[in-house]
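One structure is given here, and the rest of the page talks about it.
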Amino acid sequence: MNKALSFLVPVLFLLSFGYALVKKVKLFDTFAEGVKGAIPLVTSVFPYIVTVTMLSKLLDVSGLGEQIARWLTPVFSFTGIPQEIAPLLLVKPLSGSGAIAVLSDILGKYGVDSYVARCACVAYGSSETIFYIGAVYFAGLKRKKLTLALWIAVLSYLLSTVLCCLLCKFM
């Protein structure tokens, strides 16, 4: 299966190039035009991505993330979210790779079949890196209404986490 998948991307490129040749598209000129359009996008997105990455790392290194998790413990327990997954819920909106590390720690500490691990896995799998994706999507827009979109994304993230923990109680 892996061998077949490793050939998939080159085959797709060859099919695309073959189709372009049949349609008499100037391949090199079209490719160069696309690359030229990517450079402004990269320069507009880069500061946002660096900001989100630095914020994620600062929360981790400074211990502020752990402190915020302790402050939110009463809120999480009221809504039915296990306090053990609080670090995951704080990291996931910022960093996907950081969230994988936290999820791995939770699975190692509580076991893969525990209620906490099930909640953590479902919460991880049903959410996205809100601030990273927001930075990428909104970087290219001239008119930005980022605040409302982020509030809606964070609220839906929290509601989905409450729902996933409720569902994990019955599984």
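Heads up: the sequence shown begins at 227 in the working numbering, then just goes up one per residue. Cβ atoms here follow ideal geometry from the backbone N, Cα and C, with glycine treated the same way.
Fill in: Helix, strand or coil at Gly366 [DSSP, three-state]
coil
Practice prompt. Report the residue ranges of all alpha helix (DSSP H) runs contained in full by the segment 263-336; include only those spanning at least 4 residues, in chain order.
Written response: 290-305, 312-317, 322-336
Worksheet item: CA-CA distance, Pro399 and Met280?
Response: Not covered by the structure: residue 399. The range shown for the chain is 227 to 397.
Practice prompt. With a threshold of 16 other CB atoms inside 10 Å of the CB of Ile356, please say whether the residue is buried or exposed.
Written response: buried
Worksheet item: According to the neighbour-count rule (16 or more other Cβ atoms, all chains shown, within 10 Å of its Cβ), is Lys249 buried or exposed?
Response: exposed
Practice prompt. Determine contact between the segment 379-393 and the segment 343-359, defined as no fewer than three beta-carbon pairs at a distance below 8 Å.
Written response: yes
Worksheet item: If you compare alpha carbons, which of Cys390, Pro319, Gly324, Lys371 is closest to Val342?
Response: Cys390
Worksheet entry | Among Leu374, Ala346, Leu372, Gly334, nearest to Lys395 - alpha-carbon criterion | Ala346
Fill in: Range of the contiguous alpha helix (DSSP H) that encloses Val380
372-395
Discussion item. If I follow the unbroken alpha helix (DSSP H) through Lys249, where does it start and stop?
Written reply: Looking at the DSSP string, Lys249 is not in any alpha helix (DSSP H), and its letter there is neither H nor E.
Practice prompt. Check the C-beta distance from Val268 over to Ala361 and give it rounded, since I have them as a contact under 8 Å.
Written response: Going by Cβ atoms, the distance from Val268 to Ala361 rounds to 13 Å, so no, they are not a contact pair.
Fill in: Endpoints, alpha helix (DSSP H) assigned at Val342
341-351
Discussion item. Considering only their Cβ atoms, is the gap separating Ile332 from Ile359 smaller than 8 Å?
Written reply: no
Worksheet item: If we ignore side chains and look at the alpha-carbon of each, how far apart do Leu231 and Ile275 end up?
Response: 30 Å
Worksheet entry | Straight-line Cα distance separating Lys262 from Leu241 | 23 Å
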